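As you go down the protein sequences, you meet chains A and B in turn. Number 264 marks the last residue of the first sequence (our numbering); no jumps. Number 1274 marks the last residue of the second sequence (our numbering); no jumps. A quick write-up on the structure given underneath.
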Amino acid sequence: MSAPHIAVKGVNKIFASADREVVALKDIHLDIPQGQFVCLLGPSGCGKSTLLNAIAGFSLPTSGSITADGKAVTGPGPDRGMVFQEYALFPWMTVEKNIAFGLEIKGVAAEKIQDTVTSLLAKLGLTDFSNRYPKDLSGGMRQRVAIARILALDSPIMLMDEPFGALDALTRRNLQDELLRIWAELGKTVIFVTHSIEEAIYLADRIVVMTYRPGTVKRDLLVDLPRLRDPSSPAFNSLKRELGQLVMEEQQRHHDAELVAAID
Amino acid sequence: MSKPFNWREAAAGLIVPIALIAIWQAACSLGWVNEHVLPSPWAVVTRWVAYLLPAKPFAEFEGSWLMWAISGELLLDASGSMYRVVVGFIVGAGLALPLGLMMGASPRVYAWLNPLAQVLRPIPPIAYIPLAILWFGLGNPPAIFLIAIGAFFPVLINTIAGVRQVDGIYLRAARNLGANQSTLFLRVILPASVPYILSGVRIGIGTAFIVVIVSEMIAVNNGLGFRILEAREYFWSDKIIAGMISIGMLGLAIDMGVNKLNNYLLRWHRGLEH
Chain A
1 MSAPHIAVKG VNKIFASADR EVVALKDIHL DIPQGQFVCL LGPSGCGKST
51 LLNAIAGFSL PTSGSITADG KAVTGPGPDR GMVFQEYALF PWMTVEKNIA
101 FGLEIKGVAA EKIQDTVTSL LAKLGLTDFS NRYPKDLSGG MRQRVAIARI
151 LALDSPIMLM DEPFGALDAL TRRNLQDELL RIWAELGKTV IFVTHSIEEA
201 IYLADRIVVM TYRPGTVKRD LLVDLPRLRD PSSPAFNSLK RELGQLVMEE
251 QQRHHDAELV AAID
Chain B
1001 MSKPFNWREA AAGLIVPIAL IAIWQAACSL GWVNEHVLPS PWAVVTRWVA
1051 YLLPAKPFAE FEGSWLMWAI SGELLLDASG SMYRVVVGFI VGAGLALPLG
1101 LMMGASPRVY AWLNPLAQVL RPIPPIAYIP LAILWFGLGN PPAIFLIAIG
1151 AFFPVLINTI AGVRQVDGIY LRAARNLGAN QSTLFLRVIL PASVPYILSG
1201 VRIGIGTAFI VVIVSEMIAV NNGLGFRILE AREYFWSDKI IAGMISIGML
1251 GLAIDMGVNK LNNYLLRWHR GLEH
C-alpha cells in the first residue's frame, strides 16, 4: 500500500486559558489510507471534534504534525471538505448558489459550474429545491446541500463533524445510506465524528474510540462486517456491546470529572 | 406570503380616528374653541387641497399640462424635502457603511475610531445647526450636512454590530471552501450583516426625516418644515396642520418603501413575515 492519505503524527493540543490548561489531545498517531471510512467515536469532551478541526486546519495542533495527501496541513482548504453539524449553509444564498459557491470563488467557468450543480442536485435529490433558501428546508435537506457543496469541489477527503446528530432517526438512516452510496461511488476518504455507537458501526471501515480528557486513542479497530450492515444482526450487536463498554467507561470519567469540577 | 387585505381590521382601525375628527369638528362648529387656535378639520382639508393644487390657473401657466398639474406648493415642498433627505442620507450612510464595515471587521480600526464615535454620537444633529450655518451658509448645503450627521450614526453603529455578530460557522465554512480574505468579506461578512445594516438604515432614514424638518425651519425657504413655520408667521393654523399631515404622510410613505426593500433584501432571512 502507498503512503497514508492522512497521517497524524504525535499530535498534542492544549487549550490554555488564564487559570488553567486543558489537554484536549495527547500524543495521537493515526494513519488513514486512501478511501477508508473512519469514525472517531467517544463521549463529548474526548477531543474527537478537536482532532477533526486540526485535520481540517481550523485549529492547528500545539505540537506534532498532520499531513493530508502528502502536504502538511497549515490551514483550512477545499481539499478537505467539511460538513458541520449545524449545516453552516449560507442562508442568503439559494440551494444552487450554496453548492456553486466553492466553484465560483475558484473561478471555474459558469457553464461548468452549472453542469456540476445540476448533476449534484440530481444526485442528492435536490433538483426541486434548487431555488429555495436554506430556511425553507428541513434538516435532512440542508445536510444534503452541505454534502453537495463539498462534493462540488471534488475534495478527496470529507470531514464530517456529527453531521446527522440533529436529525430524526429515519432521516438519519436515510442520509447514512446516501453517504455510503456516495462514498462507494466516489472513493473518498471519510473521517466522521459521532458519539453514536450504532452510527459508527453502521458506517465505518474503522472505528477509533477516544478517551475522555486528555483525548487519546483508546481502541482502534476494523469493522469486518459486510455492507449494507444489519443493525439487528448478532455480529453487529456483539460489536455494539463491546464498543458500548469502552465508551461508557469514558462517559463515566467525564461524569466524575464534572462532579469534581462542580465541587471545586 | 402576502396576506389578503383584511377589511374588518382596516375598518376597526378607522373607528378611533373618525370619532376624534367628529369630536374635533363638533367642538369647532359649536364654537367651543377659537378657530385661529384650532381650525376645524374641514378648514384643514380645504386648506390642504388648496396647498396641493396649482396656485395659478392653467391659462396663466407657461409649460406643459403635466408641469402645471404638479406645480402646487405642496408638491414642490415635498419634493424639496425628499431631495434633502435622499441626498443627506446617501452622504451620511455612504460614509457610515464602509467605515462601519472596517470598524466591525478590524479590532485595530475599531480601537482607533470607536472612542471618537462614542463621544460624537450623543450630540444631536440639531446641535450642529450653528456650525452648519457658519460652515455652509444658508440653503441646501447646511441642511444636507445636518441630515447626513443624523443618518450617519445609526448606520455606523448597526453596521459595526452586524459585522461583529456574523456567526463564526459561516466564516469557517467559507474558508473550508477556499475563500480568501476579500471573498470572505464581500460574499460572507457583508451579506450576513445585511439584516443589521438595514435596521440601521431604517433608523437612519427616520432620523434624516426629523432633521430635514428642523433644518428647513432655519436654513432654507421651501420644504415642508419651512412651510409650517411660514404658516405660523401668518397665523394660518389650518395650513400648519395641513403641513403636519403632509409630513406624516410622506414619512409613512418613506417607511413603507424602506420596509418593502427590507422584505425583498431579507427574503432569505428567518422569522420575517412577507
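Here a beta-carbon is modelled for each residue, glycine too, at the ideal position from N, C-alpha and C. Given the structure is predicted, the values throughout are model-derived calculations rather than measurements.
Can you check DSSP and say which residues form a bridge with residue i?
i, result
"A/G81", "A/M158"
"A/C46", "Paired residues: none, contrary to the question."
"A/N12", "A/S63"
"A/A68", "A/I6, A/K71"
"A/T269", "Outside the displayed range of chain A (1 to 264) lies residue 269 of chain A, so it cannot be described from this structure."
"B/M1256", "Bridge partners of B/M1256: none, in fact."
"A/I270", "Given that chain A is displayed from residue 1 to residue 264, the structure contains no residue 270 of chain A and the question cannot be resolved."
"A/M210", "A/V217"
"A/E21", "A/A16"
"A/I32", "A/I6"
"A/L222", "A/R206"
"A/T127", "Note: A/T127 sits in no beta bridge, so no partner."
"A/T189", "A/I157"
By Cβ distance, which residues of its chain are closer than 8 Å to residue i, with the 5 residues on each side in sequence left out?
i, result
"A/T50", "K13, A24, L25, S59, G215"
"A/G35", "H5, G187, K188, T189"
"B/V1016", "none"
Ordered along the chain, which non-local residues of its own chain (more than five positions away) have a Cβ less than 6 Å from that of residue i?
i, result
"A/K48", "L40, G42, V193, M210"
"A/V22", "F15"
"A/R172", "F164"
"B/V1091", "A1148"
"B/A1027", "V1033"
"B/G1088", "I1144, I1147, A1148, A1208"
"A/T116", "A152"
"B/F1058", "W1068"
Taking the alpha-carbon of residue i as reference, which of the options has the nearest alpha-carbon?
i, options, result
"B/L1038", "B/W1024, B/A1078, B/L1184", "B/W1024"
"B/L1101", "B/C1028, B/N1222, B/R1164", "B/R1164"
"B/I1149", "B/I1169, B/Y1170, B/P1125", "B/P1125"
"B/R1175", "A/V83, A/A235, A/T67", "A/V83"
"A/E162", "A/K112, A/Q85, A/A200", "A/Q85"
"B/V1045", "B/I1021, B/F1058, B/F1185", "B/I1021"
"B/M1067", "B/Y1234, B/I1203, B/P1054", "B/P1054"
"A/A257", "A/H29, A/S196, A/P33, A/S44", "A/S44"
"B/F1153", "B/N1114, B/N1140, B/P1191", "B/N1114"
"B/P1195", "B/G1243, B/L1229, B/R1267", "B/R1267"
"A/R227", "A/I207, A/Q245, A/D177", "A/D177"
"A/S119", "A/A152, A/L170, A/Q251", "A/A152"
"B/A1253", "B/A1173, B/P1057, B/M1082", "B/M1082"
"A/R144", "A/I207, A/R229, A/I182, A/Q245", "A/I182"
"A/I32", "A/K9, A/P61, A/F129, A/A88", "A/K9"
Assuming residue i contacts residue j (C-beta within less than 8 Å), just tell me the rounded distance between them.
i, j, result
"B/G1257", "B/F1209", "About 12 Å separates the two Cβ atoms, so there is no contact after all."
"A/L159", "A/L180", "With 8 Å as the limit, A/L159 and A/L180 do not qualify as a contact, their Cβ atoms being about 17 Å apart."
"B/R1084", "B/I1147", "6 Å"
"A/L175", "A/G140", "6 Å"
"B/A981", "B/V1166", "Nothing can be reported for residue 981 of chain B, as the shown portion of chain B is limited to 1001 through 1274."
"B/A1179", "A/I157", "Contact flag wrong, Cβ pair sits at about 18 Å."
"B/N1140", "B/V1086", "Wrong, their Cβ atoms sit about 12 Å apart, outside the cutoff."
"B/A1105", "B/F1185", "7 Å"
Tell me which same chain residues have a C-beta within less than 7 Å of the C-beta of residue i, skipping the five on either side of it?
i, result
"B/S1064", "none"
"B/L1074", "Y1051, L1052, S1246"
"A/L333", "Here chain A has residues from 1 to 264 only, and residue 333 of chain A is not among them."
"A/P91", "Y133, P134, K135"
"B/D1238", "P1039, A1043, V1044, R1047"
"A/P76", "A56, G57, F58"
"B/H1036", "F1235, S1237"
"A/V73", "I55, G57, I66, T67"
"A/E198", "P231, K240"
"A/L246", "V209, K218, R219"
"A/V11", "L25, I28, A54, P61, G64, I66"
"B/Y1170", "V1188, A1192"
Do residue i and the ligand PLP come close, with the Cβ less than 6 Å from some heavy atom?
i, result
"A/R181", "In the structure shown, the ligand PLP is absent, as is every other ligand, since no ligand is present at all."
Please list, in chain order, the residues of the region 1180 to 1199 of chain B that have any C-beta partner in chain A closer than 9 Å.
N1180, T1183, R1187, V1188, P1191, A1192, V1194
At a CB distance below 8 Å, what residues from the region 1078 to 1101 of chain B approach chain A? Give them in sequence order.
none
Taking any Cβ of chain A, which residues in the region 1101 to 1124 of chain B have a Cβ under 7 Å from it, in chain order?
none
Short-range partners of chain A found in the region 1150 to 1179 of chain B, where Cβ spacing is below 7 Å
I1169, Y1170, R1172, A1173, R1175, N1176, L1177, G1178, A1179
Residues in the region 1215 to 1233 of chain B having any Cβ partner in chain A nearer than 7 Å
none
The region 134 to 154 of chain A: which residues have C-beta closer than 8 Å to a C-beta of chain E, in chain order?
Reference to chain E is not applicable here, since the protein chains of this structure are A and B.
Interface residues of the region 91 to 112 of chain A facing chain B [CB-CB below 7 Å]:
P91, W92, F101, G102, I105, K106
At a Cβ cut of 8 Å, what residues of the region 71 to 83 of chain A count as close to chain B, listed as they run along the chain?
G75, P76, G77, P78, R80, G81, M82
Which residues, taken in chain order from the region 44 to 59 of chain A, show a beta carbon closer than 7 Å to some beta carbon of chain B?
A56, F58
Residues in the region 1256 to 1268 of chain B having any Cβ partner in chain A nearer than 8 Å
R1267, W1268
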